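Residue numbering for the sequence shown follows UniProt numbering, starting at 1 and increasing by one per position.
Think of the CB as a built atom: it goes at the ideal place given N, C-alpha and C, for glycine as much as any other residue.
A quick note: this is a predicted structure, and the numbers were derived from the prediction, not measured.
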Amino acid sequence: MNFLVVAVAVSGGGIEDLKVLFSGIPADCDMAFIVVAPVQRDRESKLADIVARYSALPVIKATETVAIYPGNVYVIAENSLMLVEDGCLHVRKREKYELINTAIKDLFYSMAMTLKNRTIAVVLGGMGDSATFGATMIGDMGGYVVTKEPDFHSNSEMTKNVIEYDTPNAILPLEEISNHLMWLSSQRV
1 MNFLVVAVAV SGGGIEDLKV LFSGIPADCD MAFIVVAPVQ RDRESKLADI
51 VARYSALPVI KATETVAIYP GNVYVIAENS LMLVEDGCLH VRKREKYELI
101 NTAIKDLFYS MAMTLKNRTI AVVLGGMGDS ATFGATMIGD MGGYVVTKEP
151 DFHSNSEMTK NVIEYDTPNA ILPLEEISNH LMWLSSQRV
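Written out as structure tokens, the structure is:
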């Protein structure tokens, strides 16, 4: 792969952030996006449908292993975990014994280990600290980490945790993240 892959992490309360982010990504974007969230296992996820309403790029609900191509958005399905390896997004069922949902951590870690400096992590709103370890790994392996600037009116626990534990490359207002991603893409040689 000779293109950037952007992992977008969101958790409870961060759906509005996805709408703003993908509304600013143009149809000719040459990056791939993977949207990951700790989706509940016992009901169908509408996350891909929501992203598709605001994205100029094709949106694919990741229900099975698929090759990753630029100009596409891959979205986690319910009851699943995703890993990146050999240019593919590998999807597997989340087993019943896996009580803690590690979707964000697992995806970020696999991207750090396989894509290294071709990885961008975008941490949006939501609860928890599931992005903290993976964001640190992405940074350690030469990738780039962007967090939404925490605000007092929305759920920003996940972004605050990444900022406090890690040192993101950029902490930006939500409305500026899509333009920053386009700038990062233009800087690649």
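Looking at the DSSP output, A9 sits in a beta bridge with V36, V123. Listed in chain order, the non-local C-beta contacts of V123 below 8 Å within the same chain comprise A9, A131, A135, V145, V146, T147, K148, M158, T159, V162, P168, local neighbours out to five positions each way being set aside. With fewer than three CB-CB distances shorter than 8 Å, the segment 35-55 does not count as touching the segment 165-179. Around the CB of L107, 16 or more other CB atoms lie within 10 Å, so the residue is classed as buried. Going by DSSP, T136 is part of no beta strand (DSSP E) but of the alpha helix (DSSP H) stretching over 132-140. Residue burial is scored here from C-beta neighbours: R118 has at least 16 other C-beta atoms within 10 angstroms and is therefore classed as buried. In the displayed model, A67 falls within a strand according to three-state DSSP. Here V51 is near V73, since their CB atoms are less than 7 Å apart. In this model, G143 and Y97 are separated by some 32 Å (Cα to Cα).
Contact between I15 and V39 does not hold, since the beta-carbon distance rounds to 12 Å and is not under 8 Å. Following the DSSP letters along the chain, one finds E44 in no beta strand (DSSP E), marked with neither H nor E. For E176, the enclosing alpha helix (DSSP H) covers residues 174-187.
Put simply, of I104, G71, G24 the residue whose alpha carbon is nearest the alpha carbon of G12 is I104. Per the coordinates, the alpha-carbon of E64 lies some 12 Å from the alpha-carbon of N79. When rounded, the separation of the alpha-carbon atoms in V5 and L83 is 13 Å. Residue range 80-85 is occupied by the beta strand (DSSP E) that includes L81. The three-state secondary structure of T147, taken from DSSP, is strand.
With a threshold of 16 other beta carbon atoms within 10 Å, D17 meets it and is buried. Short of 8 Å from the beta carbon of R94, and not among the five residues preceding or following it, lie these beta carbons of its own chain, in chain order: R41, N79, S80, L81, N101, A103.
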